[in-house]
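Inspection log for the structure reproduced underneath, given as structure tokens.
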Ligand code: UN1
């Protein structure tokens, strides 16, 4: 696989970078393709010892980086974006090979990293503070934003490149350093992203700003979350993991950005455009084999169109090409590993035991030839009598639960009655229902869409969700503020010392 060489992946690799690749002291693991089960390459994990080296180097680099003017920091990020453009195809192939998502989505993921780099470049000239009218004569007030320090990034297997880029590109222009602990299930992509981006910084001795320490959550992850040199930890993954991270970082009063589980629904009302709804549901529920945090897991459909939509979905599912994610014609690749296949089977068993009716799919698939060792499944549609416990949980697999409702109010109540609050969507041609869905009494999610699906957000908006999704926001809009510290300053340019609130003190 020659393309791996072009993004710096060798048969054996170190998983630790601190301005240069250093020898890692942990176990050597092999990264396997979920599509074939075959080994892609080996990498040696870091331990707490290498974590220490990496964080110390990142912190030292931060102390110099914070003095570089933000637009000049943006210029480094611009050059990273250019290098990502040059290596888009190779990186996209690696994402596809290692995470199992189809090649088109692999490319899309690298494009998402390029887009956020572009966004960050513009942002580097727009880290605006405020001026505030002072109540005191001859006084001025202002807010200034300053760099924070080393930002820890914990990323999941399913977006092994883009989610790091959301954090890293923004953190860099904000004047921070980054220390990345990727999922061991997709660590080669982390190596490759570092190989492509860090040389831009290395030229000026700033390579350690993009620290990388592949390792286990129990040692490297724990060291990172406990570390007072890391004022902000941005973590993407399960709610279980996020609660741990939140507790540990919260106990030292550090900051977190948590982007955790989703249980995203599409509501389809009787007046919806069913052609559009169908396409959105397919992309949301089957795309990335249901392994996005934004994947569509619930379809809440009004009685008048339930039967037709169900029929059309069952027909459409039957046409989905399942197979090698690197084949351009494939629409659904494998799940990440055998554990994910088992979790899907368990969820289906629980749903049927509770009265759910499988309308199609759900089984494990054994494909032929090279693909025989892959983790393939048949995407599943289950009609549920009610929103029972299993429907309230996030299962990272292509299971779509269908729930019938009588109208908008019932749909809305059901929609919000789950613990998670990431993404949501409604299909309707009724402007009143659409606007109510987006209003304070509508969707309780961080993302709410009208006449498009739950997944596939653009980078320009703030990304994240409420409730057990963790409340963090990453990527666009003003998410950058979480990566900086705010300073409020009052300047007295007169010759008196008036006190605020008109207080007289010994005058
Ligand atoms: C994730 O699954 O963790 O909105 C991120 C989307 C992508 C990002 C998903 N832009 O589906």
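Residue numbers (our numbering): 30 to 536.
Ideal placement from N, C-alpha and C gives every residue a C-beta, glycine not left out.
Everything numeric in this text was worked out from a predicted model, so none of it was measured.
Measuring alpha carbon to alpha carbon, tell me which of 481, 497, 477, 482 ends up nearest residue 491.
-> It is 477 whose Cα lies nearest to the Cα of residue 491.
Any heavy atom of ligand 1 closer than 7 Å to the Cβ of residue 322?
-> Residue 322 has its Cβ nearer than 7 Å to a heavy atom of ligand 1.
Residue(s) in a DSSP beta bridge with residue 71 = Listed as beta-bridge partners of residue 71 by DSSP are 41, 59.
Heavy atom of ligand 1 within 7 Å of residue 141 beta-carbon | Residue side-chain check: residue 141 places its Cβ nearer than 7 Å to a non-hydrogen atom of ligand 1.
Report all residues from its chain with a CB closer than 8 Å to the CB of residue 226; omit the five preceding and five following residues, and keep chain order.
-> Once the five neighbours on either side are set aside, the close Cβ partners of residue 226 are 109, 112, 113, 197, 239.
Under 8 Å, do residue 256 and residue 512 count as touching if we go by C-beta distance?
-> Taking 8 Å as the Cβ cut-off, residue 256 and residue 512 do not qualify as a contacting pair.
Is there at least one non-hydrogen atom of ligand 1 closer than 7 Å to the beta-carbon of residue 472?
-> Of the heavy atoms belonging to ligand 1, none sits nearer than 7 Å to the Cβ of residue 472.
Could you tell me whether any non-hydrogen atom of ligand 1 is closer than 7 Å to the CB of residue 267?
-> Relative to ligand 1, the beta carbon of residue 267 is positioned no closer than 7 Å to any heavy atom.
Which residues share a DSSP beta bridge with residue 554?
-> Nothing can be reported for residue 554, as the shown portion of the chain is limited to 30 through 536.
DSSP-derived helix/strand/coil call for residue 496 | Three-state result, residue 496: strand.
In terms of residues, what are the limits of the alpha helix (DSSP H) holding residue 437?
-> 437-445 is the extent of the alpha helix (DSSP H) around residue 437.
Output the boundary residues of the beta strand (DSSP E) element that contains residue 433.
-> Unbroken beta strand (DSSP E) run through residue 433: 428-434.
Sheet register partners of residue 172 (DSSP bridge) | Beta-bridge partners assigned by DSSP to residue 172: 517.
Does the separation of the CB atoms of residue 130 and residue 124 fall below 8 Å?
-> A distance below 8 Å separates the beta carbons of residue 130 and residue 124.
Residue 426 to residue 148 span [Cα, whole Å] | So the alpha carbons of these two residues sit roughly 31 Å apart.
Residues of its chain near residue 50, where Cβ-Cβ distance is below 6 Å and the 5 sequence neighbours each way are ignored | Within the same chain, residue 50 has close Cβ partners 43.
Tell me where the alpha helix (DSSP H) around residue 224 begins and ends.
-> Note, residue 224: alpha helix (DSSP H), 216-231.
Terminal residues of the alpha helix (DSSP H) in which residue 294 lies = Going by DSSP, residue 294 is part of no alpha helix (DSSP H) but of the beta strand (DSSP E) stretching over 293-297.
Alpha-carbon to alpha-carbon, residue 259 and residue 271 = Straight across, the Cα-Cα distance linking residue 271 with residue 259 is about 16 Å.
Hey, is the segment 472-488 in contact with the segment 313-320, meaning 3+ C-beta pairs nearer than 8 Å?
-> In short, these stretches touch, since the Cβ pair count reaches three.
Residue 463 versus residue 301: straight-line alpha-carbon distance, rounded = Rounded to whole angstroms, residue 463 to residue 301 spans 11 Å at the Cα level.
Exposure label - residue 281; buried when at least 16 CB within 10 Å = Classification of residue 281: exposed, given that the 10 Å Cβ count is below 16.
Going by C-alpha distance, which of 219, 59, 146 is nearest residue 182?
-> Of 219, 59, 146, the residue nearest in Cα terms is 219.
For residue 288, the three-state DSSP class (helix, strand or coil) | Three-state result, residue 288: strand.
N- and C-terminal bounds of the alpha helix (DSSP H) containing residue 332 = Looking at the DSSP string, the run of the alpha helix (DSSP H) that includes residue 332 is 332-347.
For residue 380, I'd like the list of residues in its chain whose CB is within less than 6 Å of its CB, leaving aside the five on either flank, ordered along the chain.
-> Cβ within range, chain order: 411, 419.
Can you check the segment 449-475 for any beta strand (DSSP E) of at least 3 residues that lies completely inside it and give the ranges in chain order?
-> Counting whole runs of 3 or more residues, the segment 449-475 contains the beta strand (DSSP E) stretches 452-456.
Measuring from the CB of residue 192, is there a heavy atom of ligand 1 at a distance below 7 Å?
-> Yes.
Helix, strand or coil: how does DSSP classify residue 22 here?
-> An answer regarding residue 22 cannot be provided, because it is not within the stretch 30 to 536 covered by the chain.
Hey, is the segment 426-444 in contact with the segment 328-340, meaning 3+ C-beta pairs nearer than 8 Å?
-> Yes: the two stretches touch, three or more of their Cβ pairs being nearer than 8 Å.
With a Cβ-Cβ cutoff of 8 Å, do residue 501 and residue 199 count as a contact?
-> Taking 8 Å as the Cβ cut-off, residue 501 and residue 199 do not qualify as a contacting pair.
May I ask you to verify whether the segment 158-178 touches the segment 514-522, counting CB pairs closer than 8 Å and requiring at least 3?
-> Enough Cβ pairs lie closer than 8 Å, so yes.
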